[in-house]
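Inspection log for the structure reproduced underneath, given as structure tokens.
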Amino acid sequence: LPNVAFHVGEAAGTLSPEWAAKTGLNAGIPISVGAFDAHLGGSYIDMRQFSSSSLQLEKASSAGPMVSIGAGLRLVILVLGVRAKYNALSAFNMWQVNGELGFKIPIGKVDLLIGGHGGYSFVGSLGDGTVAANSGGTPTNADAVKIRGFNAGLDFALDYYITDTFSIGGGAFADFLLLNRPPASTN
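Numbering (this note's numbering) for the sequence shown: 71 to 257.
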């Protein structure tokens with residue numbers, strides 16, 4: 071590891087004329103260093119799904135803990151990154167792998183984040199999905215519930231810097247999910 075740690079709002083250098091010509095950006099703009107972060111909190115998912123038996127929308131909701139880890143770059147106030155998130159909900163578990171884009175505006179020791187994210191979501195298990203539907207006994211791979219799809223969302227967060235390199239914060243993140251599952255067997 072390097073001997074020097076930079077605050078994410080502090081420039082590690084400036085864009086050289088050579089790289090400015092290659093990227094089309096202005097020479098001399100501040101360049102930040104990469105950042106890692108982790109989130110720990112609660113998650114509530116409220117979904118609507120179409121029921122083929124009743125031919126109407128049914129509500130499915132669940133709550134539980136959430137943990138995520140992210141990595142990215144900060145260029146002045148623009149943040150770009152990737153994040154993996156695990157929602158350990160009471161009725162099902164959902165994984166998400168997202169790209170993130172946002173604006174992190176420093177206000178003294180506080181950073182305000184306004185941004186968005188999008189990526190891939192999939193469900194690990196769905197309540198009774200682990201019960202054998204086809205075999206009548208022990209669940210097999212044919213019984214696995216395979217629900218997956220895409221997500222997009224909005225992010226709002228505040229970080230308070232306790233030191234130049236460590237912050238604690240809170241936020242609200244809203245997801246719009248477009249999930250699909252294979253049709254249930256009628257056998």
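For every residue, glycine included, the Cβ atom is placed at its ideal position computed from N, Cα and C. Here the structure is a predicted model, which is why all the values come from computation and not from measurement.
Original post:
What does a CB cutoff of less than 6 angstroms around A222 pick up in its chain, not counting 5 residues either side in sequence?
Top reply: Excluding residues within five positions, the ones whose Cβ falls inside 6 angstroms are G188 and F246.
Original post:
Would a C-beta distance cut-off of 7 angstroms place I99 and G83 closer than the cut-off?
Top reply: No; because the gap between Cβ atoms is not below 7 angstroms, this pair is not in contact.
Original post:
Short check: CB of I147 to CB of K174, under 7 angstroms?
Top reply: Taking a C-beta distance under 7 angstroms as the contact criterion, I147 and K174 qualify as a contact pair.
Subject >> Rounded straight-line distance, which links the Cα of R218 to that of S160 >> reply: Put simply, the backbone Cα of S160 is about 18 angstroms away from that of R218.
Subject >> Beta-carbon contacts of L228 that lie in its chain and below 8 angstroms, excluding the five residues immediately before and after >> reply: Result list for L228: V180, D181, L182, L183, G239, G240 and G241, in chain order.
Original post:
What's the call for A116, buried or exposed, on a 16-neighbour Cβ count within 10 Å?
Top reply: Looking at the sequence shown, residue 116 is not Ala but Asp. D116 counts as exposed, since fewer than 16 other C-beta atoms from the protein chains shown sit within 10 angstroms of its C-beta.
**OP:** Name the one or two DSSP bridge partners that S124 has.
**Re:** Listed as beta-bridge partners of S124 by DSSP are no residues whatsoever.
**OP:** Would you mind working out which of W165, L95 and I177 sits nearest Y230, comparing C-alpha positions?
**Re:** Per the C-alpha coordinates, the member of W165, L95 and I177 positioned closest to Y230 is I177.
Original post:
Is DSSP giving A81 helix, strand or coil here?
Top reply: DSSP places A81 in coil when its eight states are reduced to three.
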